[in-house]
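Below is one structure, written out as structure tokens, with a few remarks after it.
Chains as they are written, first to last, in our numbering: chain C, 70 to 131; chain A, 66 to 268.
In structure tokens, the structure reads:
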């Protein structure tokens, strides 16, 4: 194994992406965490907004 | 952001889209700003986590923990020359250490070889996927500071100067670390490759 091959293999790992289902699961978890954060920071006024508006903030844009 | 202002559901690029501006907006309660930061760094943090765990499933769990922790601690983040991504890497490093402490046993090469990081890679190029799995196994064996430099320099493509800023080291120290880390990784890769070959011969 030489350095060139090793560096090429490392660079190839740059194409690794999180799978879509895991991404969606994580977005949902973040959405819940964000709601808790808002509640704890006293920004209760935001909770009056429809959940759909809040959820769309984490929605995939592509 | 003033309380009561309508929350934007999308952000455009340019000045408003810099990490600094997004962090400011997120701190003020703008969920879409945090969503944009997540979008920008999700895959980079996932790859870092992959280099720590060696398997896609564990890397996904760890990435999830990292962003939830980032969301909870974003108020404590102050730029002061430290890029936001460095803040995320720091959270990832600590989360990985915490996770490793709770793991019952270290990863084995066998486990990694039978669970490649991407099934699509296997279909596209089986030997490359096996090499990647062995490489990931080798990466998990490195010391944290070696792995950090390898991931940031050779997987993410940051310059030595950028890595130095992110890790709070000098550029010279990063180059020295990089040299030692590559040497160590080469040895770990060769060992992991031999183990994998032994397993194939046995089966």
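Glycine included, every Cβ here is placed at the ideal spot set by N, Cα and C.
How about residue 118 of chain A and residue 109 of chain A: do their beta carbons lie closer than 8 Å?
No. Outside cutoff.
At least one CB of chain C closer than 8 Å to the CB of residue 90 of chain A: is that the case?
It does not; no Cβ of chain C falls within 8 Å.
Under 8 Å (Cβ pairs) to chain A, residues found in the region 78-92 of chain C:
Closer than 8 Å at the C-beta level to chain A, one finds these residues of the region 78-92 of chain C: 78, 79, 80, 81, 82, 83, 85, 86, 87, 88, 91 and 92.
Partner residues on chain A for residue 72 of chain C, Cβ-Cβ distance less than 8 Å
Those are 247 and 251, listed as they occur along chain A.
Looking at the secondary structure, which residues open and close the alpha helix (DSSP H) in which residue 241 of chain A lies?
First-last of the alpha helix (DSSP H) with residue 241 of chain A: 236-267.
Identify which residue in A:132, A:249, A:150 and A:232 has its Cα closest to the Cα of residue 160 of chain A.
Here the closest residue by C-alpha is A:132.
Tell me, to the nearest whole angstrom, how far the beta carbon of residue 250 of chain A is from that of residue 201 of chain A; I am working on the premise that it is less than 8 Å.
Taking 8 Å as the upper bound for CB-CB distance, residue 250 of chain A and residue 201 of chain A are not in contact here, some 11 Å apart.
Sub-8 Å separation of residue 113 of chain A and residue 165 of chain A beta-carbons
8 Å or more divides the Cβ of residue 113 of chain A from the Cβ of residue 165 of chain A.
For residue 136 of chain A, which residues in the same chain have their Cβ closer than 7 Å to its Cβ, ignoring the five residues on either side in sequence?
Cβ within range, chain order: 99.
Verify the CB distance criterion: does residue 102 of chain C have a CB-CB separation below 8 Å to chain A?
By this cut-off, residue 102 of chain C is an interface position.
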